[in-house]
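Enquirer:
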Amino acid sequence: MIALLLRDLRLAFRAGGGFGLGLAFFLIVTTLVPFSVGPEAVLLGNIAPGVLWLGALLACLLSLDRLLALDYEDGTLDLLVTAPLPLEAVVSIKALAHWVTTGLPLVLAAPFFGVLLNLPTAGYGPLVQSLALGTPALSVIGTFGAALTVGIKRGGLLLSLLVLPLYVPTLIFGAEAARRGASGLDTSTPLIMLAGITFGTIALMPFASAAVLRMGLR
Amino acid sequence: MSLQVRHLTIARGGIPVLAGLEFTLQEGQVLIVRGPNGSGKTTLLRTVAGLQTSLEGEIIGAAERVAYAGHADGIKAMLSVRENLQFWAQVFGGSDITAALDAYALHPLADRLAGTLSAGQKRRLGLARLVVTGCPVWVLDEPTVSLDADAVGLFADAVRAHLETGGSALIATHIDLGLDAEVLDVSPFRASASHHSGASDEAFL
Numbered sequence: 004m005i006a007l008l009l010r011d012l013r014l015a016f017r018a019g020g021g022f023g024l025g026l027a028f029f030l031i032v033t034t035l036v037p038f039s040v041g042p043e044a045v046l047l048g049n050i051a052p053g054v055l056w057l058g059a060l061l062a063c064l065l066s067l068d069r070l071l072a073l074d075y076e077d078g079t080l081d082l083l084v085t086a087p088l089p090l091e092a093v094v095s096i097k098a099l100a101h102w103v104t105t106g107l108p109l110v111l112a113a114p115f116f117g118v119l120l121n122l123p124t125a126g127y128g129p130l131v132q133s134l135a136l137g138t139p140a141l142s143v144i145g146t147f148g149a150a151l152t153v154g155i156k157r158g159g160l161l162l163s164l165l166v167l168p169l170y171v172p173t174l175i176f177g178a179e180a181a182r183r184g185a186s187g188l189d190t191s192t193p194l195i196m197l198a199g200i201t202f203g204t205i206a207l208m209p210f211a212s213a214a215v216l217r218m219g220l221r
Numbered sequence: 660m661s662l663q664v665r666h667l668t669i670a671r672g673g674i675p676v677l678a679g680l681e682f683t684l685q686e687g688q689v690l691i692v693r694g695p696n697g698s699g700k701t702t703l704l705r706t707v708a709g710l711q712t713s714l715e716g717e718i719i720g721a722a723e724r725v726a727y728a729g730h731a732d733g734i735k736a737m738l739s740v741r742e743n744l745q746f747w748a749q750v751f752g753g754s755d756i757t758a759a760l761d762a763y764a765l766h767p768l769a770d771r772l773a774g775t776l777s778a779g780q781k782r783r784l785g786l787a788r789l790v791v792t793g794c795p796v797w798v799l800d801e802p803t804v805s806l807d808a809d810a811v812g813l814f815a816d817a818v819r820a821h822l823e824t825g826g827s828a829l830i831a832t833h834i835d836l837g838l839d840a841e842v843l844d845v846s847p848f849r850a851s852a853s854h855h856s857g858a859s860d861e862a863f864l
């Protein structure tokens, strides 16, 4: 299983692996927002937590269609299914590799992008906390979507349509925590809810992903 | 432990292709699967490998013991030959890949990126993966595609070495490998129209 994780990370860091794609997308979204809403520092500060969360969410979505589709196309997925690894573990490792290459860089970069949107000083801590707690759920739910669309040519758009509604609870509580933090309010309730959603999806989603993957490969 | 297939009916795309198939694969035995295009050879091999479910019948002794090699080799272009093999060795719980490199004369290519290999070299890498799995039953679908005569010889040697260690192989191929093998012709088992009723669960998928 560690071998699979290392292989996925190695593939992501080598050319053509798509590492940094999500980060660059996140940067572009956060620089486009001031252009579209105008250079009003107070307004930008108010909407910054929500915009940063939405940008991170869309950046996560961007690399999902490569998550299982590449392995499906070159036959690796068939071979992994016949290997003595539980498929639930395979999809969990895939989600973890996706988070390390997409979610984690977003979490680490978010404070720098917050400067671009004039995020209030009190908001940085809660923003990073909420992203760190919320992005694993985005990867795990996204893996389920990728498993659902694995055999479909050009399944990327369908994947987005299926996955985005499932992202709603994470977005609500994540953005709420960041917004409360930016206004200097207590963030513990939305953060606890967010943690609950994340741990719930990590515990349950791999079984759903493995089940639809078995069905899709049949 | 032998691999037994009893009264197997299999479907492709919801339409039964083979019905009532029976055979036994003993240790140290090679079974060559033959049949015209579309007769269900690939479906049979995928079912034995556990990638598909059968409509009826049972397969005994296949769980966790089968190494499958299909039309796609499962090679990552951005990893070297050595890294590709090491990955599969670790997945199957081994670590020694020198035997596999020896068997298919891959030593000179070991540090090349797999994406830069020719089609035949990629196939050799895909077949070398079988050696590192350590699985006793090899299920191979057209393993000699794009191999030259020398490489086919290497493949036949690798199968012979596998048989000597008590392994067995189920191979769908059209060429003569020079192996002492029995032939399983699937055409007598072609499914008739009456078997279509067996696919009723497709409505729920």
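Protein chains in written order, with the numbering used here: chain A, 4 to 221; chain B, 660 to 864.
We treat Cβ as the ideally placed atom computed from N, Cα and C, and that holds for glycine.
(1) Can you pull the chain B neighbours of V84 of chain A, defined as C-beta to C-beta under 7 Å?
(2) How about V689 of chain B: is its C-beta nearer than 8 Å to some C-beta of chain A?
(3) Label D860 of chain B either buried or exposed according to how many other C-beta atoms from any shown protein chain fall within 10 Å of its C-beta, with 16 as the threshold for buried.
(4) Please list the terminal residues of the continuous beta strand (DSSP E) segment that includes H730 of chain B.
(5) Less than 8 Å between CB atoms is the rule here; does L864 of chain B satisfy it with respect to chain A?
(6) Taking DSSP's pairing of strands, which residues face S739 of chain B in a bridge?
(7) Say whether the segment 689-701 of chain B touches the segment 753-769 of chain B, bearing in mind that this needs 3 or more beta-carbon pairs closer than 8 Å, one atom from each stretch.
(8) In chain D, what lies closer than 8 Å to F751 of chain B by C-beta?
(9) Answer with yes or no whether the minimum CB distance from A858 of chain B to chain A is below 8 Å.
(10) Give every residue of the same chain whose Cβ lies closer than 8 Å to the Cβ of A728 of chain B, excluding the five residues on either side of it in the sequence, and list them in chain order.
(11) Contact criterion: CB-CB distance below 8 Å. Does Y763 of chain B meet it with respect to chain A?
(12) From what residue to what residue does the alpha helix (DSSP H) around A764 of chain B run?
(13) Can you pull the chain B residues whose beta carbon is under 9 Å from the beta carbon of D77 of chain A, in chain order?
(14) Based on Cα-Cα distance, which residue from A:R217, A:A213 and A:A6 lies nearest to F746 of chain B?
(15) Would A125 of chain A count as contacting chain B if we go by Cβ distances under 8 Å?
(16) Go to G679 of chain B, then tell me how far its beta strand (DSSP E) extends in each direction, as first and last residue.
(17) Interface residues of chain B around L7 of chain A at Cβ under 9 Å?
(18) Could you name each continuous alpha helix (DSSP H) segment of 4 residues or more that falls completely within the segment 68-147 of chain A, going from the start of the chain to the end?
(19) Under 8 Å between beta-carbons, which chain A residues line up against V725 of chain B? List them in chain order, please.
(20) Over the uninterrupted beta strand (DSSP E) stretch that includes Q663 of chain B, give me the two end residues.
(21) Taking the straight line between their C-alpha atoms, what separation do you get for P847 of chain B and E742 of chain B?
(22) Comparing alpha-carbon positions, which option in B:A850, B:F682 and B:A670 lies nearest D705 of chain B?
(23) What residue does the beta strand (DSSP E) around S698 of chain B start on, and which one ends it?
(24) Does chain B have any CB closer than 8 Å to the CB of R69 of chain A?
(25) If I follow the unbroken alpha helix (DSSP H) through S39 of chain A, where does it start and stop?
(26) Nearest to M218 of chain A by alpha carbon, out of A:V54, A:L151, A:I195 and A:L162?
(27) Distance check for K97 of chain A and V215 of chain A, CA to CA, integer angstroms please.
(28) Just reading off the alpha helix (DSSP H) that I5 of chain A is part of, what are its end residues?
(29) Thinking C-beta only, is I205 of chain A closer than 8 Å to P139 of chain A?
(30) Counting only runs of 3+ residues fully inside the segment 793-821 of chain B, write out the beta strand (DSSP E) ranges in chain order.
(31) Between A:L64, A:A92 and A:G25, which has its C-alpha nearest F210 of chain A's C-alpha?
(32) Give me the residue from A:R221, A:L141 and A:G184 with the minimum Cα distance to S163 of chain A.
(33) Using a Cβ-Cβ cut-off of 8 Å, state whether E861 of chain B counts as contacting chain A.
(34) For A828 of chain B, which beta-bridge partners are listed by DSSP?
Expert: Quick answer:
(1) For the purposes of this step, residue 84 of chain A is identified with residue 81 of the first sequence, where counting begins at 1. The contacting residues are L710.
(2) By 1-based counting over the second sequence, the position of residue 689 of chain B is 30. Cβ-Cβ to chain A under 8 Å: no for V689 of chain B.
(3) To locate residue 860 of chain B, count along the second sequence from 1; it is residue 201. Caution is warranted here: a pLDDT of 48 is assigned to D860 of chain B, below 50, making its placement in the model unreliable, and no coordinate value can be reported.
(4) Sequence index remark: in the second sequence, residue 730 of chain B carries index 71 (1-based). Neither: H730 of chain B is in no beta strand (DSSP E) and is coded neither H nor E.
(5) Position 205 of the second sequence, counted from the first residue, corresponds to residue 864 of chain B. Unreliable positioning characterises L864 of chain B in this predicted model, as indicated by a pLDDT of 46, which lies under 50. The coordinate reading is nonetheless provided below. Yes, because at least one Cβ of chain A sits closer than 8 Å to the Cβ of L864 of chain B.
(6) Your numbering for residue 739 of chain B matches position 80 in the second sequence. BP columns for S739 of chain B point to B:L772.
(7) no
(8) You won't find chain D in this structure, because its protein chains are A and B.
(9) Here residue 858 of chain B corresponds to residue number 199 of the second sequence, with the count starting at 1. Residue confidence is low: A858 of chain B scores 45 on pLDDT, short of 50, so the model does not pin down where it sits. No coordinate-derived value is stated.
(10) Locating residue 728 of chain B in the second sequence gives position 69, counting from the first residue. Cβ within range, chain order: G785, L786, R788, L789, W797, V798, L799, D800 and P802.
(11) Taking the second sequence and counting its residues from 1, the one referred to as residue 763 of chain B is at position 104. Output row for Y763 of chain B: interface = no.
(12) Looking up residue 764 of chain B in the second sequence gives position 105. Looking at the DSSP string, A764 of chain B is not in any alpha helix (DSSP H), and its letter there is neither H nor E.
(13) Residue 77 of chain A sits at position 74 when you count from the first residue of the first sequence. Correct list: A731, D732, G733, I734, K735 and A736.
(14) Numbered from its first residue, the second sequence carries residue 746 of chain B at position 87. With distances taken between Cα atoms, F746 of chain B lies closest to A:A6.
(15) Your numbering for residue 125 of chain A matches position 122 in the first sequence. Cβ-Cβ to chain B under 8 Å: no for A125 of chain A.
(16) Numbered from its first residue, the second sequence carries residue 679 of chain B at position 20. Where G679 of chain B is concerned, the enclosing beta strand (DSSP E) stretches over I674 to L684.
(17) Start at 1 with the first residue of the first sequence, and residue 7 of chain A comes out as number 4. F746, Q749 and V750, listed in chain order.
(18) 68-76, 79-85, 90-101 and 107-119
(19) Position 66 of the second sequence, counting from 1, holds the residue named residue 725 of chain B. Simply T85.
(20) Here the question's residue 663 of chain B lines up with position 4 in the second sequence. Its beta strand (DSSP E) spans residues L662 to R671.
(21) Counting from one through the second sequence, the residue named residue 847 of chain B turns up at place 188. Counting from one through the second sequence, the residue named residue 742 of chain B turns up at place 83. In a straight line, the C-alpha of P847 of chain B is about 44 Å away from that of E742 of chain B.
(22) Taking the first residue of the second sequence as 1, we reach residue 705 of chain B at position 46. It is worth fixing the name first, because residue 705 of chain B is Arg in this sequence and not Asp. Among B:A850, B:F682 and B:A670, the Cα nearest to that of R705 of chain B is on B:A670.
(23) Residue 698 of chain B sits at position 39 when you count from the first residue of the second sequence. No beta strand (DSSP E) holds S698 of chain B; DSSP gives it neither H nor E.
(24) Here residue 69 of chain A is taken as the residue at index 66 of the first sequence, counted from 1. Answer no: the Cβ-Cβ gap between R69 of chain A and chain B never drops below 8 Å.
(25) Stepping through the first sequence from its first residue, residue 39 of chain A is reached at position 36. That run of the alpha helix (DSSP H) goes L24 to V40.
(26) Sequence index remark: in the first sequence, residue 218 of chain A carries index 215 (1-based). Considering only alpha carbons, the answer is A:L151.
(27) Locating residue 215 of chain A in the first sequence gives position 212, where the first residue counts as 1. Locating residue 97 of chain A in the first sequence gives position 94, where the first residue counts as 1. Near 15 Å, if we compare the C-alpha coordinates of K97 of chain A and V215 of chain A.
(28) The residue given as residue 5 of chain A occupies position 2 in the first sequence. Taken as a continuous stretch (DSSP letters only), the alpha helix (DSSP H) holding I5 of chain A covers I5 to F16.
(29) Translated into positions along the first sequence, residue 139 of chain A becomes position 136. Translated into positions along the first sequence, residue 205 of chain A becomes position 202. Against a cut-off of 8 Å, the Cβ pair of I205 of chain A and P139 of chain A comes out as a contact.
(30) 796-800
(31) Here residue 210 of chain A is taken as the residue at index 207 of the first sequence, counted from 1. When each option's Cα is compared against that of F210 of chain A, the closest is A:A92.
(32) As a first step, residue 163 of chain A is located in the first sequence; it is residue number 160 there, counting from the start. Selected option, being the one with the closest Cα: A:L141.
(33) Looking up residue 861 of chain B in the second sequence gives position 202. Unreliable positioning characterises E861 of chain B in this predicted model, as indicated by a pLDDT of 46, which lies under 50. A coordinate reading is not provided.
(34) The residue labelled residue 828 of chain B in the question sits at position 169 within the second sequence. Its beta-bridge partners are B:V689 and B:W797.
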